[in-house]
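Structure first, commentary second.
Numbering (my numbering), first residue to last: 307 to 473.
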């Protein structure tokens, strides 16, 4: 593969790369949105026949909320979650505090957000769809063939690519 240019090389300098992303989970979809908005050709490969959330509830930390704000999706996710200003945990047998996170002690009015994984997935997936990001489903990636550019080797023998970058 080519040497990966610095951040400025992938951040909108007029150069467009072909980029493959393995997985349509929250991280894969967020990366796809950033790269598409920077002008790159992005294809997300998902092993399930239909992209869907896996898991249950989670707490988005302030950094994750900052990412969603940067993507223009903060209002969408805030409407689907519950604000958390403090996390406190105690040992059940002794009552001793084992966790005490006060988001309000941080600068900038930071907080966490309790949200179901399906809600987070839905917000990111709809954003990816609205930006016409290619999402190929039912694709099991088994290997990566590298060279000047990379080719994905799929479980059914199909070859996808070439790509300048695989995430």
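Positions of the beta carbon are idealized from the N, C-alpha and C atoms, including for glycine.
Computed from a predicted structure; not experimentally measured.
8 Å Cβ cutoff met for residue i and residue j
| i | j | result |
| --- | --- | --- |
| residue 447 | residue 336 | no |
| residue 429 | residue 390 | no |
| residue 461 | residue 421 | no |
| residue 333 | residue 348 | no |
| residue 417 | residue 468 | no |
| residue 354 | residue 326 | no |
Coarse secondary structure for residue i, derived from DSSP in three states
| i | result |
| --- | --- |
| residue 464 | coil |
| residue 386 | coil |
| residue 309 | Confidence at residue 309 is low in this model, with a pLDDT of 45, below 50, so its placement is unreliable and the value that follows should be read with caution. It is coil, neither helix nor strand. |
| residue 417 | coil |
| residue 315 | Legend: pLDDT at residue 315 = 48, less than 50; position of this residue unreliable, value from coordinates given subsequently. If DSSP states are grouped into helix, strand and coil, residue 315 belongs with the helices. |
| residue 406 | strand |
| residue 363 | strand |
Identity of the residues DSSP links to residue i by a beta bridge
| i | result |
| --- | --- |
| residue 328 | 351 |
| residue 392 | 408 |
| residue 447 | 460 |
| residue 265 | Residue 265 lies beyond the residue range present for the chain, which begins at 307 and ends at 473; the question has no answer from this structure. |
Pick from the options that is closest to residue i, judged by C-alpha positions
| i | options | result |
| --- | --- | --- |
| residue 402 | 394, 363, 424 | 394 |
Rounded distance between the beta-carbons of residue j and residue i, thought under 8 Å
| i | j | result |
| --- | --- | --- |
| residue 322 | residue 345 | 5 Å |
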